[in-house]
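Presented below is the structure to which this report refers.
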Amino acid sequence: MSASEPNIAPVHGHTRRAQNIEAQLAADRRARRLRGAAFGLIVVAVLGAGIYLAGSVFLGQRGTTTVAAAMPMRISMSGFDPQVIHAKPGETVKVDWWNTDGGMHLTNGVHTLVSDTLGIRLELPAESRKTISIKAPMAAGDYDFWCDSCCGGKENSGMHGTLHVEV
Ligand SMILES: [Cu+2]
549 MSASEPNIAP VHGHTRRAQN IEAQLAADRR ARRLRGAAFG LIVVAVLGAG
599 IYLAGSVFLG QRGTTTVAAA MPMRISMSGF DPQVIHAKPG ETVKVDWWNT
649 DGGMHLTNGV HTLVSDTLGI RLELPAESRK TISIKAPMAA GDYDFWCDSC
699 CGGKENSGMH GTLHVEV
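Quick note on the numbering used here: the sequence shown kicks off at 549 and runs consecutively.
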């Protein structure tokens, strides 16, 4: 006992230090895992937001749409974009029509798509989108349409669009 006693304390002390170090390392690992998980969540959130925003920009500016077979067309104070819609004679063209302007800028809160020849008068509320149908006449030609609810309406050449009907 007397011979081994001096050795016990250091061994015991060493063991406890080792246990403390082990516990400290385990705590560090847990903390790292938590930080890793939190970082992972942030990365996922940021990536998700980025993809969402990129998707919005892509959907908006590039005009790709989830509405099947509908051609995207934007209406704003700058007019119709694109300005020309193509159709075959008699074809019913679906247009994914969207309005990027706020209501306070718009007469009655809407942009319109009007044509006496085509027999249409459609309204699109501020900051909204909907799919509309335009029936092309049987005769080939360029059919004028316009927005009559803003910027001088029909008198403003910038607020016109064309339905181009061609066989
Ligand atoms: Cu308008």
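Cβ atoms here follow ideal geometry from the backbone N, Cα and C, with glycine treated the same way.
What is the rounded straight-line gap between the Cα of residue i and the Cα of residue j?
i      : j      : result
Leu670 : Ala688 : 23 Å
Ala617 : Trp646 : 15 Å
Asp690 : Ile680 : 19 Å
Ala579 : Asn568 : 16 Å
Glu685 : Val641 : The sequence given here places Pro at residue 685; Glu does not occur at that position. Near 11 Å, if we compare the C-alpha coordinates of Val641 and Pro685.
Met652 : Thr665 : 30 Å
Asp692 : Glu675 : 24 Å
Leu672 : Ser705 : 20 Å
Asp576 : Arg583 : 10 Å
Thr648 : Gln572 : 57 Å
Asn656 : Ser697 : 8 Å
Gly700 : Met707 : 8 Å
Lys683 : Glu703 : 24 Å
Ile633 : Leu654 : 24 Å
Is residue i near ligand 1, in the sense that its beta carbon is under 7 Å from a heavy atom of that ligand?
i      : result
Ser697 : yes
Ile668 : no
His659 : yes
Ile680 : no
Ile633 : no
Met707 : yes
Would DSSP call residue i helix, strand or coil?
i      : result
Asn704 : coil
Met619 : strand
Ala687 : coil
Thr612 : Interpretation of Thr612 is limited by its pLDDT of 49, a score under 50 that renders its predicted location unreliable; no figure is taken from the coordinates.
*asked:* Using 8 Å as the cut-off, can you tell me whether the stretch 618 to 634 makes contact with the stretch 644 to 662, which would need three or more C-beta pairs spanning the two stretches below that distance?
replied: yes
_Segment contact, 8 Å Cβ cut-off, at least three pairs: the stretch 701 to 715 with the stretch 626 to 641_ = yes
*Ignoring anything shorter than 3 residues or poking outside the stretch 629 to 699, list the beta strand (DSSP E) runs there in chain order.*
632 to 635, 640 to 647, 658 to 663, 668 to 673, 677 to 683 and 689 to 694
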